[in-house]
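For the sequence shown, the positions run -10 to 188 when this note's numbering is used.
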Amino acid sequence: MLDAAEPLDGATVLDVGAGDGLIGLGALDRVGAGGAVIFADISPALLEQCRRAAKELGALDRTRFIQAKAEDLAEVPDGSVDVVTTRSVLIYVDDKAKAFAAFARVLRPGGRVSLFEPINRLMYPEPPGRFCGYDLGAVTDLVAKVNSTFDDLEDPAFRAAMMDFDDRDLTSLAEAADFERVHVECHIRHRAWLAHAAG
Ligand SMILES: C[S@@+](CC[C@H](N)C(=O)[O-])C[C@H]1O[C@@H](n2cnc3c(N)ncnc32)[C@H](O)[C@@H]1O
-10 MLDAAEPLDG ATVLDVGAGD GLIGLGALDR VGAGGAVIFA DISPALLEQC RRAAKELGAL
50 DRTRFIQAKA EDLAEVPDGS VDVVTTRSVL IYVDDKAKAF AAFARVLRPG GRVSLFEPIN
110 RLMYPEPPGR FCGYDLGAVT DLVAKVNSTF DDLEDPAFRA AMMDFDDRDL TSLAEAADFE
170 RVHVECHIRH RAWLAHAAG
């Protein structure tokens, strides 16, 4: 993702849904002394974790931490960042078009987004008797019971957000937000069930 976002030297990067900092901390290295990284997340605890990590790296002066939803990024001024990164975050966002519009709003002219999302629709629902590709064998019935309990507990909107898009939808969302050039790569790794079961 960061390779796709290059050149980063001197850039201001906004990492949306920064989590514990995997991408944002990696970007700190690449933006160098003249750049900056803004860590954004809905979780204050994770932002605090990022702040501690940036402090340990002696890079606090090149960082900002903001509690914000991908859908609004309210504290980030229009046209103020060069690069938006986001990894495994849009799967949690109901209104993905709103998130893309927010990315477009905060970018300077010529700015870009580099993002990664798992395409759950390609893998789920699994055939009966399988869990994450594994043959459940003798415990199939038990796992079906556990799954049905979770089905009842889970918010349908949450599940929809995780399943309701694929690589083509991401392309359309970027186009609809007026990004001039869109490059999408879909990586599919397939292993036959039997081969998988055999390890
Ligand atoms: C799977 S983690 C990914 C963390 C990080 N991007 C990474 O790749 O390691 C998802 C992150 O998205 C954040 N998140 C969930 N919904 C969000 C939203 N609507 N806006 C911004 N962040 C969100 C969560 O708090 C969590 O830190």
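Ideal Cβ positions, reconstructed from N, Cα and C, are used throughout, including at glycine.
When the five nearest sequence neighbours on each side are left out, the beta carbons in the same chain lying within less than 7 Å of the beta carbon of Gly118 are those of Asp124, Leu125 and Thr129, in order along the chain.
Relative to the Cα of Val70, the nearest Cα in the group Arg76, Val82 and Arg53 belongs to Arg53.
Spanning the alpha carbons of Arg110 and Tyr81 requires a straight line of approximately 14 Å. In the DSSP secondary-structure assignment, Leu(-9) is not bridged to any residue. Residue pairing by DSSP places Ser103 opposite Thr74 in a beta bridge.
Between ligand 1 and Leu(-9), a heavy atom-to-CB distance of less than 6 Å is absent. Nearest to Gln38 by C-alpha distance, out of Gly10, Ala63, Ala29 and His179, is Gly10.
Counting of Cβ neighbours within 10 angstroms places Asp30 among the buried residues, the total reaching 16 or more.
In the DSSP assignment, Ile27 falls outside any alpha helix (DSSP H) and lies within the beta strand (DSSP E) extending over Ala25 to Asp30.
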